Amino acid sequence: MIVARTRSELAGAQQALRRDGARFGLVPTMGYLHEGHLSLVDLVAARTDVVAVSVFVNPLQFGPSEDLATYPRDEARDLAMLEARGAHLVFLPPLEEMYPEGPPAVRVDPGPLGHRLCGRYRPGHFSGVLTVVAKLLGLFRPDVAVFGRKDFQQEALIRRMVSDLDMGTEIVAAPIVREDDGLAMSSRNSYLDVEERVQAAVIHAGLQAALARFREGVRESEMLVGAFAEVVAAAPLLDVQYAEVVDRWSLESVEVADERAVMAVAVFCGKTRLIDNVELG
Ligand code: PAF
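Numbering that gives the first Met the number 0 puts the first residue of the sequence shown at 0, with every later residue one more than the last.
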């Protein structure tokens with residue numbers, strides 16, 4: 000496995016690995032890897048010849064009162080996990096290498112989709128995500144890039160950016176990987192204390208309750224959200240920031256759920272903000 004920390008090391012590694020028209024796959028991450036990330040590595044490995052992973056905690060996507068300083072990091076563990084999983088190339092750029100001129104003056108505007116769901120509560124977040132992903136796609140020029148479905152709005156926006164701006168990389172969405180009790184895997188789960196960790200699993204239970212109502216024939220979003228809220232109300236450490244039924248392409252709230260409907264939620268568990276979603280249709 001080649002580890003590159005600078006753009007020139009990355010260019011050298013790509014030259015060495017891009018022989019004979021090999022197909023290149025990229026898994027962008029912010030590190031502190033878990034089985035969810037590793038499932039993305041497996042997905043890329045099944046579709047391409049060369050698996051590249053980037054590990055970069057991108058300051059542009061954190062708000063001033065968010066957890067940039069405390070975001071969990073463990074480079075040695077990440078590298079060992081990636082090597083064991085068969086990654087060929089890991090890019091670990093320091094901040095100056097990604098943003099040599101400081102924060103970029105020109106950024107990707109997510110448009111109206113960026114103001115829905117999480118975007119309402121995290122101004123600038125999706126512009127930061129799209130800007131760094133655009134840079135990574137530019138640096139790697141991968142044939143395929145993979146993103147986890149847990150970050151449903153992020154995946155939708157990246158897909159739209161690549162399509163609207165003709166960026167030419169195939170975007171693949173990977174299923175959510177969950178702990179045994181249903182909690183979606185996330186690097187931020189490491190913030191939870193023992194009691195919070197137990198209650199955090201109720202988020203998934205709430206989504207499953209909404210899905211069960213949808214499968215019984217309930218289509219009114221209000222009732223589906225109500226089914227979620229009722230379950231979550233039993234866990235006092237959970238505080239719902241939003242729970243919405245949206246169209247998976249436009250991300251607009253819908254009053255009546257159809258085959259394209261997704262329920263997306265953001266819930267505080269203590270001080271930790273967790274997101275999750277379920278495809279209803
Ligand atoms: O999902 C993440 O880990 C990040 O938002 C991403 C896509 C790597 C961009 O920093």
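Ideal Cβ positions, reconstructed from N, Cα and C, are used throughout, including at glycine.
Just so you know, these numbers come straight off a predicted model, no measurement behind them.
Going by other Cβ atoms of all chains shown within 10 Å of its Cβ, with 16 needed for buried, is residue i buried or exposed?
i, result
"Asp192", "exposed"
"Pro109", "buried"
"Pro92", "buried"
"Glu229", "exposed"
"Val105", "exposed"
"Ala265", "buried"
DSSP state of residue i, grouped into three classes?
i, result
"Asp41", "helix"
"Asn191", "Checking the displayed sequence, the identity of residue 191 turns out to be Leu instead of Asn. Three-state result, Leu191: coil."
"Ser220", "helix"
"Ser64", "coil"
"Ile202", "helix"
"Glu95", "helix"
"Thr28", "strand"
"Val128", "helix"
"Leu88", "strand"
"Ser162", "helix"
"Ser186", "helix"
"Ala3", "strand"
In angstroms with no decimal places, state the Cα-to-Cα distance between residue i and residue j.
i, j, result
"Ser185", "Tyr70", "12 Å"
"Val161", "Cys268", "33 Å"
"Leu112", "Phe55", "24 Å"
"Ser220", "Ala260", "9 Å"
"Asp48", "Arg22", "5 Å"
"Leu236", "Ala209", "20 Å"
"Asp41", "Gly167", "22 Å"
"Val2", "Phe90", "6 Å"
"Leu39", "Ala75", "19 Å"
"Val239", "Gly137", "37 Å"
"Trp248", "Ala256", "13 Å"
In terms of DSSP beta bridges, what is residue i paired with?
i, result
"Thr271", "Cys268"
"Asp246", "Ala260"
"Asp238", "Phe267"
"Leu112", "Its beta-bridge partners do not exist; DSSP assigns none."
"Val231", "Val231 is not bridged to any residue."
"Ile170", "Ala144"
"Glu278", "Val261"
- Flag this pair as touching only if the region 124-141 and the region 21-32 have three or more C-beta atom pairs under 8 Å; answer yes or no. Counting Cβ pairs under 8 Å, three or more are found: they touch.
- Message: With a threshold of 8 Å, are at least 3 pairs of Cβ atoms found where one atom belongs to the region 111-127 and the other to the region 148-161?
- Response: As far as the Cβ criterion goes, the region 111-127 touches the region 148-161, which means the pair count is three or higher.
- Task: Taking 8 Å as the threshold, find out whether the region 168-178 comes into contact with the region 135-146 through three or more Cβ pairs.
- Result: The region 168-178 is in contact with the region 135-146.
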